[in-house]
Every structure is written in structure tokens, then in C-alpha cells.
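Here is the structure we will look at, set down as C-alpha cells.
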Ligand code: OFO
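In this note's numbering, the protein residues as written are 159 to 326.
Here is the structure:
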């Protein structure tokens, strides 16, 4: 049986994961509007990844005999100054999610819920990758000052990203 405090915190995390998906879809819409289809593709893959994160929590709660309670999502931001601002927001958001996962881990440890600690390790590792991917793109964007041929080349590079569901 899933510890009640852990269950409550995971339900809040499910909402954050779906909000992440919604935010990245909103960023994809902005990129489409800027005719940057490669960036839009990258954000759409991010949208799928976040839904995967949410569903992994959803399935875990059910597997442990808990109850998923969904809440409404806040409106995502819809407009940005440029691509640098989009990726600065993305990095800040991922740092916020990392803190949230760490807080969730602290609750599982405090409650001595070893199964949840083990389960949450996947998210701890995933956040390292998430932040690294975003930082790399943001670094390149700053290098090319977010414009010109460099921007078009990066757009092309990001157009090949595909969503591959992790095996576990
Ligand atoms: Fe982007 O890692 Fe989930 O939210």
C-alpha cells in the first residue's frame, strides 16, 4: 500500500508533469509561428516525454494500490521575445522540476517508503539528462546570438529528434 504522504506528493507531481507537457506544447506553437519547425519538433518531443513522465507516475500509484486524483492545469505562457528566452524558461522550468523531484524523494525517505525511493531514482537520473540537454541547446543559442544562419542550422539539427519511450 502506498504511503499517503507519498501518494499526495506524487499526485501533485503528476500535475506538474502535465503542466510541463502543456508548457512545451505552447513553446512548440510559438516555434511553429516563427517558422522554426525543427525547434517546434524538439518541443513536441519534449511534450511527449513529459506525458510519459506523468503516466509513469500514474501507473505507479495504481500499481501500489493508491488513488490518482487529477487537478486542473494553469495557463502556460504563450509568447516569448526570442528562442534564447524560450530555452532560458525551459532550463528554469527543468530546475524547478528537479527541485520538486528531490522534495518528493525527501518525503519518500522520511516515510521509509523504500519502493518509492527506488522508483524515484529513475526521475533523479532523468532530470540530470533533461537539464544537460537544455543547457547544451541554450549554450549554442547564446553562441550564435539566437539568429542568422546559426539559428537555421540549429533548427535543422533539432528537426531529427524523435520520441523513443524508455525501456523501463
Ligand atoms: Fe522535463 O522532466 Fe518531467 O517534468
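Even glycine gets a Cβ: it sits at the ideal position worked out from N, Cα and C.
Checklist entry - What's the gap between the Cα of residue 260 and the Cα of residue 209? => result Going by the C-alpha atoms only, they are around 20 Å apart.
Next on the checklist: Residues in the same chain with beta-carbon distance under 7 Å from residue 198, minus the five sequence neighbours each way, listed in chain order, please.
Outcome noted: If we look at residue 198 and ignore the five residues flanking it on each side, its Cβ neighbours are 186, 189, 190.
Next on the checklist: To test your reading of the DSSP string, which unbroken alpha helix (DSSP H) runs of 4 or more residues are found completely within the region 191 to 263?
Outcome noted: Runs found: 195 to 221.
Next on the checklist: Rounded to the nearest angstrom, what separates residue 167 and residue 322 at their Cα positions?
Outcome noted: Using only the alpha carbons, I get a separation of about 27 Å.
Next on the checklist: My output table needs one value for residue 160: the three-state DSSP class, helix, strand or coil.
Outcome noted: DSSP, read as helix, strand or coil, puts residue 160 in coil.
Checklist entry - Which residues in the same chain have their Cβ closer than 6 Å to the Cβ of residue 211, if we skip the five residues on either side of it in sequence? => result Answer for residue 211: 175, listed in chain order.
Next on the checklist: What does the Cβ neighbour count give for residue 267, buried or exposed, with the cut at 16 atoms within 10 Å?
Outcome noted: Exposed: under 16 other Cβ atoms inside 10 Å.
Item to check | Pair within 8 Å by beta-carbon distance, residue 164 and residue 271 | outcome: With contacts defined as CB atoms closer than 8 Å, residue 164 and residue 271 qualify as a contacting pair.
Next on the checklist: Measuring only the C-alpha atoms, how far is residue 206 from residue 319?
Outcome noted: A direct Cα-to-Cα measurement between residue 206 and residue 319 gives close to 12 Å.
Checklist entry - In terms of residues, what are the limits of the alpha helix (DSSP H) holding residue 277? => result Note, residue 277: alpha helix (DSSP H), 272 to 301.
Next on the checklist: Relative to the C-alpha of residue 275, which candidate in 224, 284, 262, 240 has its C-alpha closest?
Outcome noted: Taking only the C-alpha atoms, the option nearest residue 275 is 262.
Checklist entry - Are residue 316 and residue 200 touching if we call contact CB-CB under 8 Å? => result Yes, the pair counts as a contact, with Cβ atoms nearer than the cut-off.
Next on the checklist: Tell me whether residue 239, by its Cβ, gets closer than 7 Å to a heavy atom of ligand 1.
Outcome noted: No, since every heavy atom of ligand 1 falls outside the 7 Å radius drawn around the Cβ of residue 239.
Checklist entry - Taking the alpha carbon of residue 248 as the point to measure from, which residue in 170, 239, 171, 178 has its own alpha carbon closest? => result Checked all of 170, 239, 171, 178; the closest Cα to residue 248 is 178.
Item to check | Opening and closing residue of the alpha helix (DSSP H) in which residue 269 lies | outcome: Here residue 269 belongs to no alpha helix (DSSP H), and DSSP marks it neither H nor E.
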